[in-house]
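Counting from 745, one number per residue, gives the positions in the sequence shown under this note's numbering.
Written out below as structure tokens is the structure these notes cover.
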Amino acid sequence: MTKEKPLRALLDQLNTEYSLSDEFKIKVSDLIARLEETDLPEERLQILALKVRETYQRQALVESYRKESRKSLEKLQSSVTAYLSELDTINQKLNQAEAALEILLNTRPTATVPLEEKKDTLVSKEKAKALAAFANINSKNSRVQ
Numbered sequence: 745m746t747k748e749k750p751l752r753a754l755l756d757q758l759n760t761e762y763s764l765s766d767e768f769k770i771k772v773s774d775l776i777a778r779l780e781e782t783d784l785p786e787e788r789l790q791i792l793a794l795k796v797r798e799t800y801q802r803q804a805l806v807e808s809y810r811k812e813s814r815k816s817l818e819k820l821q822s823s824v825t826a827y828l829s830e831l832d833t834i835n836q837k838l839n840q841a842e843a844a845l846e847i848l849l850n851t852r853p854t855a856t857v858p859l860e861e862k863k864d865t866l867v868s869k870e871k872a873k874a875l876a877a878f879a880n881i882n883s884k885n886s887r888v889q
């Protein structure tokens with residue numbers, strides 16, 4: 745550090761040592777410029793130099809954590825988007841199943857069917873109604889509003 749402007753020399757060294765945001769560097773530089781206009785004793789300058797160094801170290805941690813938080817948030821947003829996409833796919837499949845079951849329930853055989861086949865058809869219709877009711881309940885419960 746130079747005798748004439750020790751804080752400015754320290755600031756230059758710290759700016760080389762730490763890769764911090766320009767906004768932070770400008771704020772600190774402005775504060776140093778204002779401090780250099782005053783006539784401070786050497787011991788005050790040393791205390792300030794320590795405080796400036798500590799501030800740079802803390803800011804390096806803050807900016808590092810901020811980057812990590814952004815990465816985590818982006819991962820989380822990506823996961824939520826994938827989850828919503830899967831829910832949409834499930835809803836589409838449920839809607840298709842509902843439509844198919846509705847068509848199945850609404851179609852009636854036109855030809856005369858022997859009694860034994862009518863019993864099978866009745867059982868099949870009951871199964872279809874039960875499946876339709878189940879699909880309807882599930883689709884209402886799983887739809888994303």
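Just so you know, even glycine gets a beta-carbon here, dropped at the ideal spot from N, CA and C.
Can you confirm whether residue i, when its beta carbon is compared against all beta carbons of chain D, has any partner nearer than 8 Å?
i      : result
Gln790 : Included in the structure is just one protein chain, with no chain D present.
If you draw a straight line from the C-alpha of residue i to the C-alpha of residue j, how long is it?
i      : j      : result
Gln836 : Phe878 : 16 Å
Leu789 : Lys819 : 45 Å
Leu914 : Ala843 : Because the chain here runs from 745 to 889, residue 914 falls outside it and cannot be looked at.
Tyr800 : Leu764 : 8 Å
Met745 : Glu807 : With a pLDDT of only 48 at Met745, under 50, the local geometry of the prediction cannot be trusted, and the value read off the model is given with reservation. Those two C-alpha atoms are separated by around 26 Å.
Ala841 : Gln821 : 30 Å
Glu761 : Ile791 : 20 Å
Leu779 : Ser773 : 10 Å
Gln803 : Glu830 : 40 Å
Leu845 : Asn839 : 10 Å
Gln889 : Ser868 : Reliability fails at Gln889, whose pLDDT of 47 lies under 50, so the model's placement of it is uncertain and the value that follows must be treated cautiously. Spanning the two alpha carbons is a distance of roughly 33 Å.
Lys771 : Lys811 : 20 Å
Glu786 : Ile776 : 15 Å
Asn759 : Ala826 : 41 Å
Asp783 : Tyr809 : 37 Å
Lys873 : Ile834 : 21 Å
Glu870 : Leu848 : 11 Å
Ile881 : Asp832 : 16 Å
Asp766 : Leu817 : 23 Å
Ala876 : Asn850 : 12 Å
Leu828 : Phe768 : 39 Å
Specify, as a first and last residue, the run of the alpha helix (DSSP H) that residue i falls within.
i      : result
Asp783 : Looking at the DSSP string, Asp783 is not in any alpha helix (DSSP H), and its letter there is neither H nor E.
Leu705 : Shown here, the chain extends from 745 to 889; a query on residue 705 therefore has no answer.
For this session: Pair every Cβ in the stretch 746–763 with every Cβ in the stretch 794–805, then say whether three or more of these pairs are closer than 8 Å.
Result: yes
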